[in-house]
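**Student:**
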Amino acid sequence: MPYDHSNVEGRIYEFWEKNGYFKPDFSKKGKPFSIIMPPPNANAPLHIGHAVFITIEDILIRFFRMQKRPVLWLPGFDHAGFETWYVFQKKIEKEGRDIFQENPQKIYDEIFKFTQKNRDISREQLKKVGASADWSREKFTLDKDIIEIVYQTFEKFYRDGLIYRGKRIINWCPYHKTSLSDLEVVYKEEEGWLWYIKYPFKQTIKTKNGQKIDHITVATTRPETMLGDRAVAVNPKDKRYKDFIGQKVILPILDREIPVIGDEAVDINFGTGAVKITPAHDPLDFEIAQRNNLGAIQVIGFDGKMTKEAGSDFEGLAVKEVRREIILKLKQLGLLEKKEIYKHSIGHCYKCNSIIQPQLSDQWFIKMEPLAKKAIEVIKKNKIKFYPAYQKNILLNWLSNIKDWNISRQIIWGIRIPVWYCQKQGSALCRKKNGIIISNKKPKECPYCKSKDLIAETDVFDTWFSSAQWPFATLMTSSQGGADFKKFYPTSVMETAYDILFFWVARMIMVDIYITGEIPFFDVYLHGLVRDKDRQKMSKSKGNVIDPLGVVDQYGADALRMALVFGTGVGRDIIISEEKIKSQRNFTNKIFNAGNFVLMNLGDNFDPKKINPKLTKEDKLILDKTKKVKAELKKDIKNYKFHEAAQKIYQFFWHQFCDKTIEDCKKRIYRAQNENEKDTPRFVLWTVLYESLKMLHPFMPFITEDIYQKLPSKPKDALIIEEW
RNA sequence: GGGCGAGUAGCUCAGUGGUAGGAGCAUCCCGUUCACAUCGGGAAGGUCAUAGGUUCGAAUCCUAUCUCGCCCACCA
2 MPYDHSNVEG RIYEFWEKNG YFKPDFSKKG KPFSIIMPPP NANAPLHIGH
52 AVFITIEDIL IRFFRMQKRP VLWLPGFDHA GFETWYVFQK KIEKEGRDIF
102 QENPQKIYDE IFKFTQKNRD ISREQLKKVG ASADWSREKF TLDKDIIEIV
152 YQTFEKFYRD GLIYRGKRII NWCPYHKTSL SDLEVVYKEE EGWLWYIKYP
202 FKQTIKTKNG QKIDHITVAT TRPETMLGDR AVAVNPKDKR YKDFIGQKVI
252 LPILDREIPV IGDEAVDINF GTGAVKITPA HDPLDFEIAQ RNNLGAIQVI
302 GFDGKMTKEA GSDFEGLAVK EVRREIILKL KQLGLLEKKE IYKHSIGHCY
352 KCNSIIQPQL SDQWFIKMEP LAKKAIEVIK KNKIKFYPAY QKNILLNWLS
402 NIKDWNISRQ IIWGIRIPVW YCQKQGSALC RKKNGIIISN KKPKECPYCK
452 SKDLIAETDV FDTWFSSAQW PFATLMTSSQ GGADFKKFYP TSVMETAYDI
502 LFFWVARMIM VDIYITGEIP FFDVYLHGLV RDKDRQKMSK SKGNVIDPLG
552 VVDQYGADAL RMALVFGTGV GRDIIISEEK IKSQRNFTNK IFNAGNFVLM
602 NLGDNFDPKK INPKLTKEDK LILDKTKKVK AELKKDIKNY KFHEAAQKIY
652 QFFWHQFCDK TIEDCKKRIY RAQNENEKDT PRFVLWTVLY ESLKMLHPFM
702 PFITEDIYQK LPSKPKDALI IEEW
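Numbered by my numbering, the letters in the first sequence go through residues 2 to 725 in order.
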């Protein structure tokens, strides 16, 4: 009879949960083992990637639970700021509504409900995969106590001078109307034009060797930004332009007088070696402008259209149109020298693919360098270990070139930045503080100048700012309060996908060290992305998505889990296919049948302790092999070599125990002349099955527990709390 | 421009100094009263990308090259 997981998995999960086996046992004396679950985004059902982390983390959790250590796996869900905003905006658009026209509070409430619904669905899905997490400690990133911690962190950073508000060039998505962090911009190589534009000198210049020069040529890919030009810059070392520095040119079309300046940042070899400076719409230009006190003119608005500053001819036009117009005018004026085909990379919003507009904007930033410095230190000292090890260098490299992090977002969904602005700024102190008051609730009056004219900051935090605090925030606020933090922080391992190494892992290390004074975790295990058998990323549009819940329904969670770790090296991408899942489903069937057969031959009252076995050479061999495999598995799991462990136990159980030992014992039992002769083979079967169930349990928890429950003389109430 | 990873059986991948290189799937042959056909027994299949080098010994270490994939970067 084939194994039917649908009769087993739900029932077994309920049994575990009902008996409180997922809760950490504080009375255990071993070294605490803890994992903070990477909180799934509460904006969609689970995908196969979630099944991966559940499987890996659950293997660790179940293994260490059996190692007699107090174990905590703390689950949670993420409000996932911008990600959820994106999902919800699309949902609303389908309903024919415009998210920017709706009442903000109403939208917030709607999204909140939406996430809570998704959270409930996702939780049930995680359980279906077998996650033995302590749901009584579940947290949400918008829980009041979590928000309170995020506020405190913000305030501490601000007080310590690590958070500042300032006008900087940020990545602006004109579709979402918000800034994005550097990590949220995807650069794509595109072919465009490099335009060479002549900027006439105010007065013709005579060089030392008597040449008369009436213009300087600049090269640009974005001619429309010339409307916001404040200067033309050349490298002071560039001999060609030596005499031009300090001269004035007339900006074509607008006929504005702008200077030629010298700045070392200009690349002599690019284009003509002379660059137009548009401080409001280019990061490098902004830097140069700051060094040279040039000021900035915003000519492209936050809606992607030209502003009033661009002049009446262009105001209100979209960027593309203006470009055309500008080129046309320059041609008419005879100031377009030439154009060249040019390949360069252009930033796009990682969600909606809109071209990112560099914009000068007032935003909140964190100074990253001091934080990165400490992180680099602990990583270099191997206080945090990485699996696979090469991720360490990737992270160190990123940390040592870090830039300040823009943590404010102009969306409604998220944790509001707890700031009020005094409009009056009626005292020297208030002006010194820029009228910034850190407070969650609206203060009665300005603490600096007693003005009552206060307005609220409407920006919310980048979701990763709160996620960065997740390890200590959850432990400090879980249902056990500070006890969990004391017992389980730093956590044992942070297990997540490698594509959020910078987004999340790096920031946790930096922020958590600063706030708690300790590293947030000892190990970082980064798993790969799930791909189909042609190595393609899974996506809905490609139609190659494997729905983990569908797989669980069809083949069982045990088969899915085993298929995800089988043959997947540490940190490598995970290739999954129906055939692979099927082969593991066959393995569950094998386990089921072997288990049944052994149980049948043992009888209900068999007790290995009452047997005095007369072991044959083969018996000794298999018992010895069992011990050996067990020791190897232990080592493999501790080293995160799940694929090795999975393959070993698969080989051992199927091709040693089933193919050899069971066959051997079967003959001995069937041929036995009396009951006593059955004792030794029964003893061997009982022992190897019992040990195998333990070894298999972290990988395939349901079927192993089900068999264990039927095992005569089982030492414990449940396999999940067995001792390895 | 900088960096990382990979190239091993038809396919997907383990193995990363030591007998004669493994697994799963697929293939071929044989086998169903006797736990399991979601099975059992057996077979076939590899110059370990290429070229040099280190070594008593290299798939494994070093150097170079090629091919694929990925990440980072302010090329105006």
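We put the beta carbon where it would ideally sit given N, CA and C, even for glycine.
All figures in this text were calculated on a predicted structure; none of them were measured in a lab.
(1) What are the partner residues of Leu455, as DSSP defines its beta bridges?
(2) Between Ile439 and Glu156, which are expected to be in contact by the criterion C-beta below 8 Å, what is the C-beta distance as a whole number of angstroms?
(3) Buried or exposed: where does Arg683 fall if 16 or more other Cβ atoms within 10 Å of its Cβ makes it buried?
(4) List the whole-angstrom C-beta distance separating Thr222 from Trp194, where the pair is believed to meet the contact cut-off of C-beta under 8 Å.
(5) Assuming Lys538 and Leu530 make a contact with CB atoms under 8 Å, what is their CB distance in whole Å?
(6) Out of Asp244, Ala220 and Tyr200, state which residue places its alpha-carbon closest to the alpha-carbon of Val267.
(7) Does Met369 come out as helix, strand or coil in the three-state DSSP assignment?
(8) Report back the beta-carbon spacing between Asp230 and Ile259 to the nearest angstrom; my notes put them in contact at under 8 Å.
(9) Which two residues bound the contiguous beta strand (DSSP E) that contains Phe593?
(10) In three-state DSSP terms, what is Pro224?
(11) Can you check the stretch 14-65 for any beta strand (DSSP E) of at least 3 residues that lies completely inside it and give the ranges in chain order?
(12) On the DSSP letters alone, give me the boundaries of the beta strand (DSSP E) that Cys431 sits inside.
(13) Whose CA, out of Ile262, Asn42 and Tyr152, lies closest to the CA of Gly247?
(14) May I ask you to report which of helix, strand or coil DSSP gives Cys79?
(15) So which of Glu191, Asn172 and Ala390 has the shortest CA-CA distance to Leu184?
(16) DSSP three-state label for Glu125, please.
(17) My output table needs one value for Trp414: the three-state DSSP class, helix, strand or coil.
(18) Which class does Ile269 belong to by DSSP, given the choice of helix, strand or coil?
(19) Under 8 Å, do Ser346 and Ile377 count as touching if we go by C-beta distance?
(20) Can you tell me the Cα-Cα spacing of Tyr159 and Gln153, whole angstroms?
(21) For Gly131, which of Pro713, Pro702 and Ala719 has the nearest alpha-carbon?
(22) Quick check on the DSSP output: the beta strand (DSSP E) that includes Cys450 runs from which residue to which?
(23) Roughly how many angstroms separate the alpha carbons of Ala673 and Lys679, rounded to a whole number?
(24) For Leu350, count neighbouring Cβ atoms within 10 angstroms of its own Cβ and tell me buried if that reaches 16, exposed if not.
(25) Bridge partners of Pro260, per DSSP?
(26) Going by alpha carbons, who is nearest to Arg324 out of Lys591, Ile254, Ser182 and Met369?
(27) Considering only C-alpha positions, which residue in the set Leu228, Thr517 and Ile721 is nearest to Ala474?
(28) Please state if the CB of Pro39 and the CB of Phe54 are separated by a distance shorter than 8 Å.
(29) Mapping DSSP to helix, strand and coil, what is Tyr165?
(30) Report yes if the C-beta distance between Asp513 and Ser493 is below 8 Å; otherwise report no.
(31) Do Tyr776 and Glu338 have their C-beta atoms closer together than 8 Å?
(32) Just to confirm my understanding: we take Lys203, look at its own chain, exclude 5 residues before and 5 after, and list those with CB closer than 8 Å. What are they?
(33) What three-state label does DSSP hand Cys353 in the structure shown?
(34) So Phe387 is in the alpha helix (DSSP H); what residue range does that whole segment cover?
(35) Where DSSP assigns a beta bridge to Ile347, which residues make up the other side?
(36) Under 8 Å: do the stretch 27-46 and the stretch 74-94 share three or more Cβ pairs, one atom per stretch?
**Tutor:** Looking at the atomic coordinates:
(1) Cys423
(2) 5 Å
(3) buried
(4) 7 Å
(5) 7 Å
(6) Ala220
(7) coil
(8) 6 Å
(9) Counting along the chain, Phe593 falls outside any beta strand (DSSP E), though it belongs to the alpha helix (DSSP H) covering Glu579 to Leu603.
(10) helix
(11) 34-37
(12) Element bounds for Cys431: not the beta strand (DSSP E) but the alpha helix (DSSP H), Ala429 to Lys433.
(13) Ile262
(14) According to the sequence provided, residue 79 is Asp. The question's Cys does not apply to it. Note: Asp79 maps to strand in three-state DSSP.
(15) Asn172
(16) helix
(17) coil
(18) coil
(19) no
(20) 10 Å
(21) Pro702
(22) Element bounds for Cys450: n/a, residue is neither H nor E.
(23) 6 Å
(24) Residue identity differs from the one stated: residue 350 is Cys in this sequence, not Leu. Result: buried.
(25) Lys249
(26) Ile254
(27) Thr517
(28) yes
(29) strand
(30) no
(31) Absent from the structure is residue 776, since the part of the chain shown begins at 2 and ends at 725.
(32) Gln248, Lys249, Val250, Ile251 and Glu258
(33) coil
(34) Segment Lys386 to Tyr388 is the beta strand (DSSP E) holding Phe387; no alpha helix (DSSP H) there.
(35) Lys189
(36) yes
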